[in-house]
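Q:
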Amino acid sequence: MPKSEVVRLLKGRLAEQAVEVERLRAETRSLRGELARVRASRDVGASLSAQPASRYLAVRLQEALDWVEVRVRELEAERQGVGATLQAQMESLRLDLTRTEGRLLEAREREAERARA
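In our numbering, the protein residues as written are 2 to 118.
1) Should Val60 be labelled buried (16 or more other beta-carbon atoms within 10 Å of its own) or exposed?
2) Under three-state DSSP, which class holds Ala59?
3) Do the CB positions of Val8 and Leu87 come within less than 9 Å of each other?
4) Out of Arg56, Leu11 and Arg30, state which residue places its alpha-carbon closest to the alpha-carbon of Ala41.
5) Is Leu32 buried or exposed, if buried means 16 or more other CB atoms sit within 10 Å of its CB?
6) If we call anything under 9 Å between Cβ atoms a contact, is Arg80 one with Val22?
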């Protein structure tokens with residue numbers, strides 16, 4: 002696969018990850034708010050019959066929140082890895098360009114020498 006195609010794919014993956022991270026952060030904020038409401042309701046003294054359900058909901062919300070936070074960290078780590086890969090690919094492309102420019106310059110010099118001879 003050409004390097005330019007790899008770079009394009011990596012940039013696309015970075016964009017996808019950025020969207021997913023933002024979605025997960027929004028979900029995290031929502032879950033934190035819901036968890037705070039459930040805990041506040043429980044602390045205010047919801048009826049005894051509602052407290053077990055409230056505790057269960059609080060546990061489930063905390064588990065969902067924990068999962069989302071882990072996923073965000075994973076995506077951020079992956080994004081850093083993809084960013085490093087993209088950086089390496091870009092550096093490789095720059096090096097290839099420099100080599101090509103050098104070869105082109107050498108070819109021009111040879112042509113100029115032939116023309117003078």
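From the three backbone atoms N, C-alpha and C, an ideal C-beta is built for every residue, glycine too.
Predicted, not measured: the structure shown is a model, and the values here were computed from it.
A: For this structure:
1) exposed
2) helix
3) yes
4) Arg56
5) buried
6) yes
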